[in-house]
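Asker: Residue numbers (the numbering used here): 5 to 1130. The beta-carbon is built from N, C-alpha and C at its ideal position, and this holds for glycine as well. Predicted model, so just to flag it, every value in this text is computed and none were measured.
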Amino acid sequence: MKNFIACLCMSFCCFWGYSQISATEYNTPAVIPQSPEVASLLRYSEVPVSYYNGIPNIGVPIYTLQGRELSAPVNLSYHAGGLRVTEESSWVGLGWSLSAGGRITRTVKGQLDDEGQYGFIHNQYTVDYIKQVCEGFINDPNGCGYYTGDNAILQRFDYEPDDFNYSMFGQSGRFMFNQERDPINNPKGEIVQFPNKNVLIEPTFNGYNIESWKITDTNGIVYEFEKGNSFDNSETIQKINGQIELSTNDVSNYSYVETWDLVKVTSPNGDVITLEYDRPILDGYTTAYPHNDITTAQGSQSLVVQQGSQVLNGQDRKRIETYSVTRRHYTLLSKITSSKGSVHFVRDTADRLDTQSKKQRLQYIEVYDTANTLTQRIEFTHGYFNSPPVTKSEFIGTGQAEINAGTDSYLNKRLYLEKVTFEGHYGGHNPADDYSYSFGYNYDTSDARTVLPDKRSYAQDHWGYYNGKNNSNLIPYHGAGNAQMANREVDPDYSSACILNSIQYPEGGITKLYYENNRGDVRHINGSPYLEEKVKLAALANNQHSITENGNETTYIFSSNTFTITDDAKPSSSDSNMTRMEYFGFSNRCDTADAVYSGADLICNSMFFDLYKVDGGNETLVQRYSIWESGSLLVDKNATYKIKIEITTDGDNYNLVDHYSDVTFSWFEENPNLTSEAFDYFGGIRVKAIKTYDENRLSSYKSFEYEGGYVVSQPFYYSIGANNTRKYVSQSWVPLQTTQSGYAGYKAVLENIHEVATETGYSSLDAGSSRMRQVRRTFSIASTDITFPGAPYTQEWVGGHPVLEEVTGKSSATTHYEIFASHSIDNIEGFVLQREYHVWPFQFQDYDDILACMTNDVCNISRNIYNIWPGQKLPKQQTVVTKEGTRELTQVTQTFYESAPNHYNPTRTSFTDSKGDVYETVIRYPFEENNTVLLSENRLNVPLKTQQFKGTTLMQTAITQYGGFTGSDPNDNPTNNLLQSMSGAKKNNALEERVTYHGYNKYGQVREVSKTDGTHITYLWGYNYNYPVAKIENATYSQVSILLDEANIQNLTGAALENALNSLRDNLPQAMVSTYRYQPLVGVVQTTDPRGRNTYYTYDTMGRLKHVLDHDQHVLSENNYNYRTN
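1) Suppose contacts are defined by Cβ-Cβ distances below 7 Å. Is Arg160 in contact with Asn237 by that definition?
2) Can you give me the Cβ contacts of Gln508 inside the same chain, cut-off strictly under 6 Å, excluding the 5 residues immediately before and after it?
3) Of all the options Tyr923, Thr956, Ser815, which has the alpha carbon lying nearest to the alpha carbon of Thr886?
4) Distance check for Leu102 and Ala501, CA to CA, integer angstroms please.
5) Work out the CA separation of Ser54 and Thr764 for me, nearest whole Å.
6) DSSP state of Lys344, grouped into three classes?
7) Beta-carbon separation of Ala1075 and Ile1021 under 7 Å?
8) Please classify Glu206 as buried or exposed, where buried requires at least 16 neighbouring CB atoms within 10 angstroms.
9) Quick check on this structure: which residue in Phe562, Asn182, Ser580 has the alpha carbon closest to the alpha carbon of Asp666?
10) In or out: Ile156 buried (at least 16 other Cβ within 10 Å) or exposed?
11) Does the stretch 284-297 come within contact of the stretch 93-101, defined as at least 3 CB pairs closer than 8 Å?
12) Of the residues Gly1026, Thr290, Gln735, Tyr445, which one's Cα is nearest the Cα of Ile36?
13) In whole angstroms, what separates the C-alpha of Gln799 from that of Asp167?
14) Applying the criterion that 16 or more other CB atoms from any shown protein chain within 10 Å of the CB defines a buried residue, is Ser580 buried or exposed?
15) The alpha helix (DSSP H) with Ala156 in it runs from where to where?
16) For Gly889, which of Ala748, Phe824, Glu822, Gly813 has the nearest alpha-carbon?
17) In or out: Glu892 buried (at least 16 other Cβ within 10 Å) or exposed?
18) Nearest by alpha-carbon distance to Ala962: which of Thr925, Tyr334, Leu938 is it?
19) Start and end of the beta strand (DSSP E) containing Asp654?
20) DSSP state of Ala1060, grouped into three classes?
21) Any idea what DSSP makes of Asn1126, helix, strand or coil?
22) If you reduce the DSSP assignment to three classes, tell me which class Gly1008 lands in.
23) Need the endpoints of the alpha helix (DSSP H) that Thr936 sits in, please.
24) Looking at the structure shown, is Val922 part of a helix, part of a strand, or coil, going by DSSP?
25) Going by CA-CA distance only, name the one from Asn622, Tyr616, Pro77 that's closest to Tyr629.
26) Could you give the DSSP three-state label for Asp3: helix, strand or coil?
27) Tell me whether Gln314 is buried or exposed, calling it buried when 16 or more other Cβ atoms sit within 10 Å of its Cβ.
28) Consult DSSP for Ala436 and reduce its assignment to one of helix, strand or coil.
29) Restricting to runs no shorter than 3 residues, where is the beta strand (DSSP E) found entirely within the stretch 46-104?
30) Hey, out of Glu1122, Phe612, Tyr420, Glu325, whose CA is closest to Ile651's CA?
31) So Pro207 is in the beta strand (DSSP E); what residue range does that whole segment cover?
32) Out of Thr964, Ile865, Tyr1031, point me to the one whose CA is closest to Val3's CA.
33) So the beta strand (DSSP E) Tyr705 belongs to, where does it begin and stop?
34) Give the range of the alpha helix (DSSP H) segment to which Tyr509 is assigned.
35) Quick one: Cα of Asp1104 to Cα of Val922, how far?
36) According to DSSP, Arg777 sits in a beta bridge with which residue or residues?
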C-alpha cells in the first residue's frame, strides 16, 4: 500500500552495535513469498525534518514497479524551502517533482567539455600548461595572450570542467573530468566523483561528442543513458535605456546535449528494466526537431557608471536589461517496463496555461500487467495560482513580441497540485475503494501577502524569493539615487506565499506546517547586524496569574514582565520608526485542524493572547489574537510592551494541571558587540512547527528552535569589465550556493516535543513528564571558502553532519568523523576565461595587471585559477551515554575504513558495552579477498568473510563463496558470479560448508539448494520466470526436470498451471510439493501445501487483501478498508 512518507536523511549513520556475539544463521534462501497480510491503513504520518537546514522532507510514494530482481520506484516529493518569483511549475505542480527513472545532467562551465578539439576533455592546452606558459616556465612562441586573450575566446578554448550530476532509481551523485590523461586508460582525463561513491562511470563518444553513458553501481547493476534534453540555440536581446536592441554578439548556435536519459537498467543476473521517453511536438511544427520548447527569460540588469576613464552621472548612466530567447528540445518519461508489467505516464490532452510553449501537465500514472490489463491508476488533480497580471509591457520575443500591461497570461499563472487519487482497477473499478491525499497552500486571493506576484516581478529578495517591495528594477545598490535603488531585503510577511502548509491523508488526519524565514550570522554580509530577541509567556500554574470567578465561569490572566524595543531595533522597510515582531501561540486544550470552534466547546472561543503597549501606568491594547494563531505585526520602536494570556472557562473545561498554553514574540535588536554573532534574515524558509491532527484533534506537536545560522555565500553586485567598464548588476556575481538543498545551515537545532491535550487520548511524552521534551542536535559547519566566483562548489560534504544529539535528561550521542579528502590525487584545476572582474571580497590586484594576462607574454594568472577536489566525512566513533536514574551507561562504537578509497564499506567495527566488554567484527569484501570476477562487475559490497571477536578471542567465522556456475543446466545459466556456498566455524575450528547452491536458472534464480547433510530443495519458476510456483523438498532438479520442463510452464496460468504442477505430486511420492498461483502485480491467489490442501486469497480493486478462504472456500478472515469520503 501507498503510505504517505516524508523521507529524511538526517539521522546518525548506522553503526554496527551489539552486546554479545550472536550465532550466524545458515538458512536456505527465502524464495517462497510470505502469506499476504492485511494492508495497513494509510494513516497520517509525522513529517520528518532535515534539522540541519530546517526543510521538511515531504513525499508520496506513488508506485514501485517490480521486476525479477530489480525494482523501479516512482515517488512524488515537495521542496518546502521556499518558492522563487521566477520559479516555473513542473508537470506535477509548483514545488513538486516526480522522481522516476533517472538522468545525467550537465552544467556547462566555460565552453562544453566535449565541444571540438578545444573542449576541456580534448584541449591539448591544459590549465597546467597555460599556467606554465604565462608564468615563464615554458617558452611557447604563441605567448600567454594567445591562450588567455581574444584569440582564446574566439576559438572557444575551454579551461573549466563541466559539472555533471546523475540520478538513478534513488541513487545520486556528481562528477567532473580532470586533465590527468593517460593515452591508454584515460585519454580524456579521469572522472572524479564528488564524493567518491566508487561507481564506474563510462562515457561513449561519437567523434568529439559524448553520445551516451554507462554507470555501474557498487552492486554491479548497470544503468545506461542516452541523449535526452538538448540546447538548440539562443539569442540575447537588450533594452538599453528602454530601447530594445538585438545583441549580435550574443547569438549562440552551438547546439549540445544538456541531459542524458536513463533508458535501461540491467542486474548482474540479467534482469532488465527499460524506460521510454516522449518527444512532444511544438505547435506549428511537424516533428519535435530541432526544438520543441521556446522560452524567454529576463536576465541580468546592469547600470553602467563608468566607461574607461569617464565617470557617468545622472542620465548619462546606461541602464541595460537583458532577455534571452532559448530554443530547446526536451523529453518526458512515458513508460517504464519490467518483466512483470509497465507504468505509463499520461499527459493531459489540454495545454497548460502557465507556460510560454505549449506543454501539458501529468494527468495519470497507469499500471499495466504483462497482458496490458490496467490494474491501477493514479490521478493528479491540479489548479492554478493566479497572480495579478503584469504591470508593464513584458518582452517575450516569440510571435507577439510583448505581453501588454494588465493582460492575463502565462506570466501570472502557476500550476499547483491539489490532490493525488489512487484508483484500483484490479477486476474493475470500484470508486468506493479509491483514496486520496489532498494538499493545502498558503494562498488566499484576499491577502496579497500569500499570492506570488507575476514571474517578471521585481519584488524579490537577494535570493529571488518574494518580498512584496514596489521595486522598479532589481539593482540593489546606488544607481540613480535611492528612489531607483531596489529593496532586496527579505520580508517574512511575503516569503511563504503559496507554500504547502497542510496535507490531508486518506483516513482524514491532517498535518499542518508552520514556517519562518531563515536567519543567521550576517557579520560578513554588507548590512546592519542584529540579535534576535525573544519573549515567551506560558500559562503554567507556577507562573504569576490572576483568577476571576463569576458564577461557574473562571477567567485566568497571565502577564509577562515588561520589555522594551529600543530605537536601534531593525527598522521596517515601510516605516523606519517601526519594527516587525513575529508571534506564535499554542494551546493543547484548543487546537483543531481548522482552528474553528462552535457548539459546546465555547471555551475555545475564549482563549486569547494580547500585546499591550505600556506607558507609565497605562496599558494600551495593540492587538488581540486567538491562542493558536501565528504571524507578524509592525510595532513602534522605542517603546515598552507586555504580553498577556487570557483564558475564560466554564467549570473545569480548562485547568492548569491538564492543560497548557503559551505564546512567543520575537524581533531583531541591533547588536552592540560586533565580535559576536549578528543575525538577520536569509533567503528561503525553515519549518517552525509541525502539528498533526487525528479526526480534527491535535495528536502531535513539535516545534523547532535554530541556533548559529549561516550561509555558504553572500551576494555581491559590483563588477569591472573590458575597457574599464564599471557597473552595478542585479544578479550576484558570486553564485548563492546551497548546503544540502537549502541556502542556510544551522550549527544547532532544538526540537521541542510538546505534550498534547489529555482529552485527545494522545501524548508524545511519558506519564509524569514535564510539558515538553527537548532533543538538541549540533552539526558540523559547512565550508564557506569560495575558490573562485562561479567555480563549482564541491564542499557539501563538510557541513551538516550530526555531531551531538542530546535528549534532555535521557541520553546523548556524540559522533566523530574521519575525513577522506584527495587534495593531490584527484585535484581538478579550472581557469576562468572572462572579461569581467570583481574587486571585493577577493581583492584582485590593479585592473591593469589583470588585463596583462589577456595581452602580454608573461603574467600571473593564479588569480583566475581555481582548484577543487572531492572529499567526504564518514562516522569514525560514536559514544552513547544513557541515563538510568543516577547511573550513566556508556557505549562506544568505532568504525574503520581500511580500504578507502578503493571502497568505503566499514571493514572493521569495535563495540564497547557499558560493562567494558569489547566486541569486534571484521568484514572482508571482494577487494580484500582479491575476487577479480566480482571486482570486474564492480560488486564491491558483497561480504565474503566475516569474523566476530570478543576481546581478542575469535568467536566465529562465516564465509560466502562466489564463482562461475555451471550447475545442472549449463546451457541456461547466467554468466556472472553466483553464490556457491556458505561456510562457517566456531572459534578456531575448521570451516564447514553449511549451505550449498547446486543450480540456478538463466535469471540467477535458485533452482536447487541444500543444507549440509540435509535434503535437496528444488524450486520451479513460472509466469515468465517472475514468480516461484513450486517448492519441492527431497528432490533434485534433475529428478524434477524429467517430469516437468520449467520452460514449458512459463505461459501457463490458472487451472492449466495447477494441473501441470500437480503431476509432480503424483510422480514424486517421496517429495513434499508445495505450489503457488498468482495474480501478477497483485499477489498470490492460491497456495497448495504438500497434503494437497488449498488456501485462497482474494483482493479488492486496489489489490488489497480482502478475504482468506480455506480449502472448502469457507471465509477464514475478511478485511475492510474505510477512508475519508473524497
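Answerer: Let me lay it out:
1) no
2) Within the same chain, Cβ atoms closer than 6 Å to the Cβ of Gln508 are found at Ser442, Ile514, the five residues on either side in sequence being excluded.
3) Thr886 has its Cα closest to that of Ser815, out of Tyr923, Thr956, Ser815.
4) The C-alpha of Ala501 lies about 22 Å from the C-alpha of Leu102.
5) With a pLDDT of 42 at Thr764, under the threshold of 50, the predicted position of this residue should be treated as unreliable, though the coordinate-derived value follows. Approximately 28 Å, taken between the alpha carbons.
6) coil
7) No, Cβ-Cβ distance for Ala1075 and Ile1021 is not below 7 Å.
8) exposed
9) Phe562
10) At residue 156 the sequence reads Ala, which differs from the Ile that was named. Looking at its Cβ environment, which holds 16 or more other Cβ atoms inside 10 Å, Ala156 is buried.
11) no
12) Gly1026
13) 14 Å
14) exposed
15) 154-158
16) Gly813
17) exposed
18) Taking the Cα of Ala962 as reference, the smallest distance to any Cα among Thr925, Tyr334, Leu938 is reached at Thr925.
19) 643-654
20) helix
21) coil
22) coil
23) 936-940
24) strand
25) Tyr616
26) Residue 3 falls outside the range modelled here, since the chain spans only 5 to 1130, and no answer is possible.
27) So Gln314 counts as exposed.
28) helix
29) 59-70, 75-83, 100-104
30) Phe612
31) 204-210
32) Nothing can be reported for residue 3, as the shown portion of the chain is limited to 5 through 1130.
33) 701-715
34) Looking at the DSSP string, Tyr509 is not in any alpha helix (DSSP H), and its letter there is neither H nor E.
35) 53 Å
36) Ile757
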